[in-house]
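Engineer: I am attaching a structure below and will ask some questions about it afterwards.
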Amino acid sequence: MNDAATSENSGTRTSVSRSIEIIDTLARRGSLGVTELAETLDLSKSTVHAYLKTLKQSGYVVRDGEKYALAYKLSLRGESVRNQSQLFQIARDEIDDLAAETGLYAHLTVMENGRGINLYQAKGDSVGRYDYQTEKIQQPEPLHVTATGKAILAALSRESVESILDRHDLVQRTPHTITDRDALFAELSTIDERGYAFNDEEEIEGFRAVGASIRGRNDEVLGALSVSGPTSILHGDHFREESPEAVTRTANLIEVTINMSNTFPGNE
Numbered sequence: 001m002n003d004a005a006t007s008e009n010s011g012t013r014t015s016v017s018r019s020i021e022i023i024d025t026l027a028r029r030g031s032l033g034v035t036e037l038a039e040t041l042d043l044s045k046s047t048v049h050a051y052l053k054t055l056k057q058s059g060y061v062v063r064d065g066e067k068y069a070l071a072y073k074l075s076l077r078g079e080s081v082r083n084q085s086q087l088f089q090i091a092r093d094e095i096d097d098l099a100a101e102t103g104l105y106a107h108l109t110v111m112e113n114g115r116g117i118n119l120y121q122a123k124g125d126s127v128g129r130y131d132y133q134t135e136k137i138q139q140p141e142p143l144h145v146t147a148t149g150k151a152i153l154a155a156l157s158r159e160s161v162e163s164i165l166d167r168h169d170l171v172q173r174t175p176h177t178i179t180d181r182d183a184l185f186a187e188l189s190t191i192d193e194r195g196y197a198f199n200d201e202e203e204i205e206g207f208r209a210v211g212a213s214i215r216g217r218n219d220e221v222l223g224a225l226s227v228s229g230p231t232s233i234l235h236g237d238h239f240r241e242e243s244p245e246a247v248t249r250t251a252n253l254i255e256v257t258i259n260m261s262n263t264f265p266g267n268e
């Protein structure tokens, strides 16, 4: 390959990487102006403006006054990818039933690049007026702050968890967040033994969750599910006994269906 071709390919990779950084930033933070994006990404305003212009022409971002936001087109593509997931197809009805049974939010989460992606959620009647998680779908979250994330980590080898923690800091979301590695590994050991994880106001103050991992035929971790709700609803036996029972039962039902499927990836 000649120098000109190498330079062209390098430039293309840089353009793609920067476009992805802009999309990821808008996904995390919502509508932003050129100046805010430039400061966040440490790029010049002219560079950011050029990328935004291209993304807008491609239909990936929209402009509202001086701010830019992700276009609905990206949401549709994300939903299309989600709908092709066999885990989603198998688990969706069970997640709906779990939300209806408990009256809480019910979530299906997978791990991607060491972060948790909330693939699907259903909303129970008891949390009808609480909309704190409306924007959580398909937004990357640290694994150590959520019940599903800790359930996934507990199902992994220590070496795998160490690798994830080397890439992603133990950020503190609330005063209850675990930010010490030794404390986290002790918690993961407990989760692995009892079969479910608690999130006791570790992600958002005033909210709790209970999660359990979902494993495949070869005991590999495929994802996790959880229920969550405000502490005014999720407390006492509802938090410590009833919700863990419902969550682990639902995880087992999903695992049975997966293990019986000859078309699920890895089961052929």
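Heads up: the sequence shown begins at 1 in this note's numbering, then just goes up one per residue. For each residue, glycine too, the CB sits at the ideal point set by N, CA and C.
1) So, are the CB atoms of T177 and A224 less than 8 angstroms apart?
2) Give the DSSP-derived three-state secondary structure of N218 in the structure shown.
3) Determine the closest residue to I204 out of E66, R240, E141, with distance taken between C-alpha atoms.
4) Have a look at V247, E245, A155, K53 and flag the residue whose alpha-carbon is nearest the alpha-carbon of D219.
5) Could you spell out where the alpha helix (DSSP H) holding A251 opens and where it closes?
6) By alpha-carbon positions, which one of R217, S232, T248 ends up nearest to T257?
7) Looking only at C-alpha atoms, which of L32, V34, I23, G236 sits nearest to G59?
8) Does the distance from the CB of L37 to the CB of F88 come in under 8 angstroms?
9) Report all residues from its chain with a CB closer than 7 angstroms to the CB of R167; omit the five preceding and five following residues, and keep chain order.
10) Taking the continuous alpha helix (DSSP H) assigned at G149, which residues delimit it?
11) Is G195 near R208, with beta carbons less than 8 angstroms apart?
12) Using 8 angstroms for Cβ pairs, my map puts A251 next to A197. What's the rounded Cβ distance?
13) Residues in its own chain within less than 6 angstroms of A71 by CB, not counting five upstream and five downstream?
14) Just to confirm the assignment, what range does the beta strand (DSSP E) spanning Q121 have?
15) Under a Cβ-count criterion, where at least 16 other Cβ atoms within 10 Å of its own Cβ denotes burial, should N259 be classed as buried or exposed?
16) According to DSSP, P230 sits in a beta bridge with which residue or residues?
17) With distances taken from CA atoms, which of V48, I90, T14, R28 is nearest N262?
18) So, helix, strand or coil for Y51, using DSSP?
19) What does a CB cutoff of less than 8 angstroms around T146 pick up in its chain, not counting 5 residues either side in sequence?
Structural biologist: The answer reads as follows:
1) no
2) Under the three-state reduction of DSSP output, N218 falls in the coil class, being neither helix nor strand.
3) E141
4) A155
5) In the DSSP assignment, A251 falls within the unbroken alpha helix (DSSP H) covering 243 to 260.
6) The residue with the shortest Cα to Cα distance from T257 is R217.
7) I23
8) no
9) When the five nearest sequence neighbours on each side are left out, the beta carbons in the same chain lying within less than 7 angstroms of the beta carbon of R167 are those of G114, in order along the chain.
10) 147 to 154
11) Their beta carbons are not under 8 angstroms apart, which means G195 does not touch R208 by this criterion.
12) In fact, because the Cβ distance is near 11 angstroms, the residues do not count as touching under 8 angstroms.
13) Excluding five sequence positions before and after A71, the CB atoms of its chain that fall closer than 6 angstroms to its own CB belong to G59, Y60, V61, V62, given in chain order.
14) 115 to 123
15) exposed
16) F207
17) I90
18) helix
19) T109, G116, N199, E202, E203, A209, G211, S226
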